[in-house]
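Residue numbers (the numbering used here), protein chains in the order written: chain A, 316 to 657; chain B, 316 to 657; chain C, 316 to 657; chain D, 316 to 657.
There are 4 protein chains.
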Amino acid sequence: MYSFKNDYSEGAHPRIIETLLRTNLEQCEGYGKDTYCEEAEKLIKNKINNDSVNIHFISGGTQTNLIAISAFLRPHEGVISANTGHIFVNEAGSIEATGHKVIPVDVVDGKLRREDILSVLSKFTNEHVVKPKLVYISNSTEIGTIYKQSELEELSKVCRENKLLLFMDGARLGSALSCRENDLTLENISKLTDAFYIGGTKNGALLGEALVICNKDLKEDFRYHLKQKGAMLAKGRLLGIQFIELFKDNLFFEIGKHENDMADLLRDGISNLGYEFLVDSPSNQIFPIFDNYIIRELEKSYGFNIWEKINKEKTSIRLVTSFATKKETCLEFIKALSELTK
Amino acid sequence: MYSFKNDYSEGAHPRIIETLLRTNLEQCEGYGKDTYCEEAEKLIKNKINNDSVNIHFISGGTQTNLIAISAFLRPHEGVISANTGHIFVNEAGSIEATGHKVIPVDVVDGKLRREDILSVLSKFTNEHVVKPKLVYISNSTEIGTIYKQSELEELSKVCRENKLLLFMDGARLGSALSCRENDLTLENISKLTDAFYIGGTKNGALLGEALVICNKDLKEDFRYHLKQKGAMLAKGRLLGIQFIELFKDNLFFEIGKHENDMADLLRDGISNLGYEFLVDSPSNQIFPIFDNYIIRELEKSYGFNIWEKINKEKTSIRLVTSFATKKETCLEFIKALSELTK
Amino acid sequence: MYSFKNDYSEGAHPRIIETLLRTNLEQCEGYGKDTYCEEAEKLIKNKINNDSVNIHFISGGTQTNLIAISAFLRPHEGVISANTGHIFVNEAGSIEATGHKVIPVDVVDGKLRREDILSVLSKFTNEHVVKPKLVYISNSTEIGTIYKQSELEELSKVCRENKLLLFMDGARLGSALSCRENDLTLENISKLTDAFYIGGTKNGALLGEALVICNKDLKEDFRYHLKQKGAMLAKGRLLGIQFIELFKDNLFFEIGKHENDMADLLRDGISNLGYEFLVDSPSNQIFPIFDNYIIRELEKSYGFNIWEKINKEKTSIRLVTSFATKKETCLEFIKALSELTK
Amino acid sequence: MYSFKNDYSEGAHPRIIETLLRTNLEQCEGYGKDTYCEEAEKLIKNKINNDSVNIHFISGGTQTNLIAISAFLRPHEGVISANTGHIFVNEAGSIEATGHKVIPVDVVDGKLRREDILSVLSKFTNEHVVKPKLVYISNSTEIGTIYKQSELEELSKVCRENKLLLFMDGARLGSALSCRENDLTLENISKLTDAFYIGGTKNGALLGEALVICNKDLKEDFRYHLKQKGAMLAKGRLLGIQFIELFKDNLFFEIGKHENDMADLLRDGISNLGYEFLVDSPSNQIFPIFDNYIIRELEKSYGFNIWEKINKEKTSIRLVTSFATKKETCLEFIKALSELTK
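Below you can see the structure in the form of structure tokens.
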């Protein structure tokens, strides 16, 4: 049984786990003030080509989202998110638990656009409703689509014109930035957003996200928020060491590319067999539509998530590839599907 | 330069890091629903000899405290803590950030007693003040003292008589339960408290605490709180695997005993040289009092925290031992001190 | 210029203001522990014919909603509301500010139904989303519609079957219970909901809502929440005295009936002139649809809210009647409209 | 039985209740946007002699404190308060309920001084503790003492030097500013604090406090916080009309002076009979020390609060005077006491 359920089924990329082993007994300062975290910060700033950003390492995505967003907002301010946004649908009300309303916008492809923002602003105009202040986007989105540079520029512009903060959830940024259709860079993102995070957990790390704060007004006192929300690991080295390994060369992007290559193999194979997809997603999540009886057969050998019912006979599923997904496994899946396809 | 600053300067106990390496590429369910977490839960229940408790694995101590306490309380309820309690002095207002007042009680040895609880209850009697509802204690305490069984029984009794919940912060429970003066067991604790946690981070794990919920009224829906506070690791296996290693035999207690043995070496050596201590702490934190010029000399070769000024000439420092502290290092410290002592 | 903008444009019903004057210099206990509040509580219990409920007097509707809902819920629980619900659209994120997500349901007539609840429950099934726990309804709704007894029974049933709390916002309960189509009573409501409030502010009081807690599990310690949220008036008598006046005879219902009678006058007059309404609302808010040029003319002599654009030429407006609205004013409005209608 | 329990036992000053009656049926805009609130704001600005401040009318003191403080702070910031401060001891954890720790400082006379602030700052220096950001003081204090101008200047200076906000709770500001020892003015206060409030409830209003925001950085969006916390009265006129009456001439200060005159009568009479006081309080709260048997006798005819046990035989009680306290009543009390005094 092989699982395509997600990109966090395995542990860490072998290079990461080996470095953890190698450095294990060295003594370090606690709470992220160690030399590994410092070095990781430098390496990431280098890749971003922007020395002025602040970087904080945090264990997971939900935690990063809730700490950043609650630190950036005053109590009366709200967050605009696509109705597919992870903070809106999959984080157990974590943003609301910090006191802030999430204003959902219906979208078709997981992405927010200029008109969506303006539409919200036109309705939220006085103190009887929250004040929209931060725009939350994900790249890649929760359904595998990505933002092109021109799209991000447009969003960034409408945010700045309206004094809104732009925050990008990069849980799957490695896959997004490494896929064929991508034309964004970390440097672009650092100039167009107020903050974003570079996801480690879904890109080969055991755990860990690197929050990048670009807007200088948002930097002050940030470590207080980490501590107050319980996010400051005593052995912060654990996060620093992993991000060094991801960014001291190109491992972060190589893992993203590998994930995408494996997804391409699956996508092309499935497509060649005549199947359609729920959405055109160029990254490491794909959503093929199969007849229900085919899904039942596939489930005997593969793990995956049932995504959305299309009609009585057909359903879309989600297949996700990881740093550890092997070419042979993908080819076997296609072969199995091919045999099920008359 | 060797650091006695704390018990989280190194990575993990070698057996733990090796097991992480060995299991690294296995596929697991996410979010703590994997077989490793299940197995770890079973092993801990076995050691507690109590199958009815619920166990949740959480990354760190502050996070465990804030999630448990905020999950257990209604909005108007407050927490009683020693004025030395970690939640009162060292967690950046994390409990208050979840909406709950911490009511400090002045204590001399880090421990709460029956009279302390009754004194608070006598003052907090109507709706113009918060309603005291949970008693927070640490074992070992922040200054290395421990609770004897009779003391915990007394506290438990006064709590139950007054419908107060008793919660034990066990960040250093391994050291506490393994020291010579201890007469408590995990089983006792599970019967006398409503919830407690077994600290991994300061007892040989890379990260991780095992929250044990004993009171059945507190169990329902607890995973929601983990998720909402950003504490549910996608690769929850990371915590499960470590706790298996700590509890599949006696490693957890062996590490605690090793920490204590190293502290004993230091304590006895320092004492034999005629020095006094700020507090009589039997566990892995000791607080010797030295002349300031001796501290300045020691600082050239050793890292430690300056704890409290005693008078113009003397100051107490804190020395902490870890799973990785070596006998030779302790003996060298004593030798260096001996040479500084005329 | 006469304003039909809302039912809180004037001060209090003359009987109320006179009683405040008459009792002004008597000395009372503070914080709602005075004999007036006690007497008011008794009178309301009498009208409800249910001595077991608890009653608390609170200054306004938003405050009542946020205190009740946050007192009733645990941190991970959410609220189901119609997308027109006051807590969802008009209270500045006050529920979210207490940490709870509001889950909106699209409805057409302001009312929630059994299927709406079941649909939410079918989607919110694990700890990655909030746990729906409380159903918020308004009667009359924000668009003037009311719940019939059979409808409330059905909602109550689905709530109890699914361990959901049912809470009714009665800001305009006086008008709702006094309108011709109504078949509900306070007694029914007290048996079918877990808590509800009886609105004073929009029914002739200067300020004040009477929160009625029916479910005994929700009663404990409620006054703590009042105090903690800043809702306990030092001169609580101000609320008690007003509710005595409203409930010592039938003034509360007479005011509701007067509001409805005035709305009926407007509704019938407008209808007779051939105009349609956005929604069929039997209570003291009506939503006629006029040509834009007629609205511009009416605005010269009358205040009202523009509600919703129907098409290029037509818009619906909102007219609200109060305890102080006079018959002549309504007839004059109809006359003015009639003259504008060719 | 006459009650000296507090200054909110009666309703409103007769001029206020009469104006409410006179204006009762006028139609006004809702939510504090009426012309009465505007006029009241102008009148108060005039008295402050400072046109740049912002003024908001809020129902009560706890509500004002919690809204202002939570609006002014970021999540990681805490409040410094005397250990006698109302927010620390008598508001049911309302500040903590908004997420902020209150840091108590032991004081003897209810007042904070420069050294107190510096002492807190010396201990709260990193992200493992909250960041002190706002200093909360009361004038008069909870034990009737007042701040002299030089004292407020000193506090203001230390706050500004350390980027701390200074907030004055003026629940009893009328009495404070009208007492013989006072040398402060509203204008001084507006220059020395970042915000303060002018208490109406304890100075002749039915309810209502006027929050004055002096620091321009704190003004933005404040009405959102009012709404979100449920503090925006639909009939906001109720507050505006009262403050017009208090400030259109000198009624506010006359009431304060009357309260103080009555307290002077009591204080002088008690003192002349040879009794001592717990604290030297020049305003409308006094704390005489009596033998317990005298207290038991007085209780038969007078209401008051037992304040603090002095020794086995003696206890201090609190006597508070209000706008409605009569000279004869005070003289009768002294006479009764005189008869009890052998």
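Glycine included, every Cβ here is placed at the ideal spot set by N, Cα and C.
On a CA-only basis, which of the options is nearest residue i? Give me that one, please.
{"i": "Asp-484 of chain C", "options": "C:Leu-507, C:Gly-514, C:Glu-502", "result": "C:Gly-514"}
{"i": "Glu-354 of chain D", "options": "D:Lys-642, D:Tyr-462, D:Ala-639, D:Asp-564", "result": "D:Asp-564"}
{"i": "Val-527 of chain C", "options": "C:Leu-481, C:Gly-551, C:Arg-552", "result": "C:Leu-481"}
{"i": "Phe-602 of chain A", "options": "A:Ile-609, A:Tyr-608, A:Val-594", "result": "A:Val-594"}
{"i": "Val-659 of chain A", "options": "A:Phe-638, A:Glu-643, A:Leu-533", "result": "Outside the displayed range of chain A (316 to 657) lies residue 659 of chain A, so it cannot be described from this structure."}
{"i": "Gly-326 of chain A", "options": "A:Gly-519, A:Thr-379, A:Asp-421, A:Arg-428", "result": "A:Gly-519"}
{"i": "Val-417 of chain C", "options": "C:Glu-430, C:Asp-431, C:Pro-447, C:Gly-425", "result": "C:Pro-447"}
{"i": "Ile-331 of chain B", "options": "B:Tyr-590, B:Phe-567, B:Thr-644", "result": "B:Phe-567"}
{"i": "Val-477 of chain D", "options": "D:Phe-537, D:Glu-430, D:Ala-491", "result": "Per the sequence shown, residue 477 of chain D should be read as Asn rather than Val. Out of D:Phe-537, D:Glu-430, D:Ala-491, D:Glu-430 has the C-alpha closest to the C-alpha of Asn-477 of chain D."}
{"i": "Leu-561 of chain B", "options": "B:Lys-542, B:Asn-599, B:Asp-536, B:Lys-517", "result": "B:Lys-517"}
{"i": "Ile-384 of chain A", "options": "A:Gly-489, A:His-540, A:Lys-627, A:Lys-642", "result": "A:His-540"}
{"i": "Ile-570 of chain D", "options": "D:Phe-511, D:Glu-647, D:Gly-489", "result": "D:Gly-489"}
{"i": "His-685 of chain B", "options": "C:Lys-542, C:Leu-655, C:Ala-525", "result": "Only positions 316 to 657 of chain B appear in the structure, and residue 685 of chain B is not among them; the question remains open."}
{"i": "Asn-599 of chain A", "options": "A:Thr-640, A:Glu-591, A:Glu-628", "result": "A:Thr-640"}
{"i": "Phe-319 of chain B", "options": "B:Cys-343, B:Glu-614, B:Asn-530", "result": "B:Glu-614"}
Are there 16 or more other CB atoms within 10 angstroms of the CB of residue i, so buried, or fewer, so exposed?
{"i": "Thr-630 of chain B", "result": "buried"}
{"i": "Val-423 of chain D", "result": "exposed"}
{"i": "Asp-322 of chain C", "result": "buried"}
{"i": "Leu-470 of chain A", "result": "buried"}
{"i": "Arg-633 of chain A", "result": "buried"}
{"i": "Met-547 of chain C", "result": "buried"}
{"i": "Ile-621 of chain C", "result": "exposed"}
{"i": "Arg-495 of chain B", "result": "exposed"}
{"i": "Ser-653 of chain A", "result": "exposed"}
{"i": "Asp-421 of chain C", "result": "exposed"}
{"i": "Asp-366 of chain A", "result": "exposed"}
{"i": "Leu-646 of chain B", "result": "exposed"}
{"i": "Lys-642 of chain D", "result": "exposed"}
Spell out the partners DSSP gives residue i in its beta bridges.
{"i": "Lys-624 of chain B", "result": "B:Thr-630"}
{"i": "Asn-369 of chain B", "result": "B:Ile-528"}
{"i": "Met-483 of chain C", "result": "C:Ile-452, C:Phe-511"}
{"i": "Val-417 of chain C", "result": "C:Val-394"}
{"i": "Ile-604 of chain B", "result": "B:Ser-631"}
{"i": "Lys-657 of chain C", "result": "Bridge partners of Lys-657 of chain C: none, in fact."}
{"i": "Ser-437 of chain D", "result": "According to DSSP, which records beta bridges pairwise, Ser-437 of chain D is partnered with nothing at all."}
{"i": "Ser-318 of chain C", "result": "C:Gly-618"}
Just checking residue i against the ligand ZN - is the residue's beta carbon closer than 8 Å to any of the ligand's heavy atoms?
{"i": "Val-435 of chain C", "result": "The ligand ZN is absent from the structure shown, which contains no ligands of any kind."}
If I'm right that residue i touches residue j with Cβ under 8 Å, what's the distance once you round it to whole angstroms?
{"i": "Leu-522 of chain B", "j": "Gly-375 of chain B", "result": "6 Å"}
{"i": "Ala-397 of chain D", "j": "Leu-433 of chain D", "result": "15 Å between Cβ atoms; not a contact."}
{"i": "Ile-556 of chain D", "j": "Tyr-351 of chain D", "result": "5 Å"}
{"i": "Ala-651 of chain A", "j": "Ser-616 of chain A", "result": "6 Å"}
Can we say the region 574-584 of chain D touches the region 410-419 of chain C, given the rule of at least three CB pairs closer than 8 Å?
The region 574-584 of chain D makes no contact with the region 410-419 of chain C: fewer than 3 CB pairs, one atom from each, lie closer than 8 Å.
Flag this pair as touching only if the region 358-376 of chain D and the region 581-591 of chain D have three or more C-beta atom pairs under 8 Å; answer yes or no.
With contact defined as three or more Cβ pairs closer than 8 Å, the region 358-376 of chain D and the region 581-591 of chain D are not in contact.
Can at least three beta-carbon pairs, one atom from the region 433-447 of chain C and one from the region 604-614 of chain C, be found at a separation below 8 Å?
Result no; under three Cβ-Cβ pairs closer than 8 Å.
Any chance the region 549-567 of chain D sits against the region 330-342 of chain D, with 3 or more Cβ pairs inside 8 Å?
With a cut-off of 8 Å on Cβ pairs, the region 549-567 of chain D is in contact with the region 330-342 of chain D, counting three or more such pairs.
Using 8 Å as the threshold, is the region 446-455 of chain D in touch with the region 389-408 of chain D, meaning 3 or more CB pairs across them?
Taking 8 Å as the limit for Cβ pairs, the verdict is that the region 389-408 of chain D does touch the region 446-455 of chain D.
Sufficient close CB pairs (3 or more, under 8 Å) joining the region 388-396 of chain C to the region 378-391 of chain A
No, the region 388-396 of chain C does not touch the region 378-391 of chain A.
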